[in-house]
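The block underneath contains the structure these notes are about, expressed in structure tokens.
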Amino acid sequence: MDKRTVDKLIEEHYSSLPPTLQRAARFAIDNPKSIALNSMRAVAAEAGLQPSAMHRLARQLGFDGYEALRSVYRDWLAQGAGTFAQRATVLQQRGTRDKAESLVQELVHSDCGNLQSMLEPTTLDAIRSACDVLASAPHIYVAGLRSLFPAAFYFNYACSMFQHNTTLLSGIAGTFADDLRRAGPDDALLVFSYEPYARDAVSALRFARERGLRIVSITDSVLSPIAAQATALIVAANATPSLFPSVVPALSIAQTLVALLVARGGRASLQEIEKSEAQLREFAVYLK
Numbered sequence: 519m520d521k522r523t524v525d526k527l528i529e530e531h532y533s534s535l536p537p538t539l540q541r542a543a544r545f546a547i548d549n550p551k552s553i554a555l556n557s558m559r560a561v562a563a564e565a566g567l568q569p570s571a572m573h574r575l576a577r578q579l580g581f582d583g584y585e586a587l588r589s590v591y592r593d594w595l596a597q598g599a600g601t602f603a604q605r606a607t608v609l610q611q612r613g614t615r616d617k618a619e620s621l622v623q624e625l626v627h628s629d630c631g632n633l634q635s636m637l638e639p640t641t642l643d644a645i646r647s648a649c650d651v652l653a654s655a656p657h658i659y660v661a662g663l664r665s666l667f668p669a670a671f672y673f674n675y676a677c678s679m680f681q682h683n684t685t686l687l688s689g690i691a692g693t694f695a696d697d698l699r700r701a702g703p704d705d706a707l708l709v710f711s712y713e714p715y716a717r718d719a720v721s722a723l724r725f726a727r728e729r730g731l732r733i734v735s736i737t738d739s740v741l742s743p744i745a746a747q748a749t750a751l752i753v754a755a756n757a758t759p760s761l762f763p764s765v766v767p768a769l770s771i772a773q774t775l776v777a778l779l780v781a782r783g784g785r786a787s788l789q790e791i792e793k794s795e796a797q798l799r800e801f802a803v804y805l806k
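Here the working numbering runs 518 ahead of the position in the sequence shown, where the first position is 1.
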């Protein structure tokens, strides 16, 4: 059972609950993070109720007791609903009762689900649309801040092997958006951003849109501030019990877009890749 199901159960049962349990149910709806993070006694005190009220509510909803109900809220919080400190708190709380193997399994399972969602028809269509935008752009500017910088860096780095029209907005020495001054109509901005959304990423998108650039947004929700103005929008699931939202889907999308661009590149791309490999050999970048 997940939190959405619990919310529906509360809605269905609310009118038939006695007044005390209605107060407990209302508190659970309004304060889910408190349920996830605190003991039954602490939650009851915050709600102005006796601890037994929270236990009775859990039983009324079909759980064995408060801790079983709390585990649903704890899983919901761990999957991305909380602040970094709250997510870390959940990790530490589970660390006392779960073996490392259990956490590893959950991490891998979450990312398998995230990646599987890329195969949904709407996501595949979005990826194709994004590739169309990028393939036709005279120049591609790439932005990904903080934990999503690896996805932006990978896209720019891999593209540099076979084309010479990408610029990574790296932010070195505070110059994040400086390169956008040279951007013009029909260029593209590829931007990666998850909640909490980096202010500079949103500002860069707004500036790029005003300059007539086409926007390819990889984000976590259609309600994201970088979603509404996108020419092509890829919504990436990023659930994980880890500290930050998972970067694995964003990296996978970056790899996929690069692969699609190579596949479209024809002989010219192959020649550029051969030149890049020759240059890497000349500098002995890799061990033989």
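We put the beta carbon where it would ideally sit given N, CA and C, even for glycine. Just so it is clear, the structure is predicted and the values come from calculations on it, not from any experiment.
- The DSSP assignment places complete beta strand (DSSP E) segments of no fewer than 3 residues inside the region 704-760 at 706-711, 732-737, 750-753, in order along the chain.
- By DSSP's assignment, L686 forms a beta bridge with V660.
- By alpha-carbon distance to Q634, the top candidate from K793, A796, V753, S665 is V753.
- In this structure C630 is exposed. Its beta-carbon is surrounded by fewer than 16 other beta-carbon atoms within 10 angstroms.
- With a threshold of 16 other beta carbon atoms within 10 Å, P714 falls short and is exposed.
- Contact annotation, L663 with A750: C-beta distance approximately 20 Å; criterion of less than 8 Å not satisfied.
- Inter-residue distance for M679 and N556 is about 51 Å (C-alpha atoms, whole angstroms).
- Under the three-state reduction of DSSP output, P668 falls in the helix class.
- Sorting E728, Y591, K793 by C-alpha distance to the C-alpha of T523 places Y591 at the top.
- Of all alpha-carbon atoms in V709, E790, T758, A565, the one lying nearest the alpha-carbon of Q623 is that of T758.
- The Cβ-Cβ distance between V626 and V734 does not fall below 8 Å.
- DSSP places F545 inside the alpha helix (DSSP H), whose first and last residues are 537-548.
- Per the coordinates, the alpha-carbon of S770 lies some 12 Å from the alpha-carbon of F710.
- A residue is called buried once 16 or more other Cβ atoms fall within 10 Å of its Cβ, and D593 is buried on that count.
- If you draw a straight line from the Cα of R588 to the Cα of L575, it is about 11 Å long.
- The criterion of a C-beta distance shorter than 8 Å is satisfied by R782 and A653.
- Taking each of R729, L741, I736, S665 in turn and checking the Cα distance to P763, the smallest one comes out for S665.
- Boundaries for T693: no alpha helix (DSSP H) harbours it, and the DSSP string shows neither H nor E there.
- Minimum Cα-Cα distance from S739 among the listed residues L595, R724, N756, Q773 corresponds to N756.
- Annotation: the continuous alpha helix (DSSP H) that includes P767 extends over 766-800.
- For the set F673, D548, E529, F667, the Cα lying nearest the Cα of Q773 is the one of F673.
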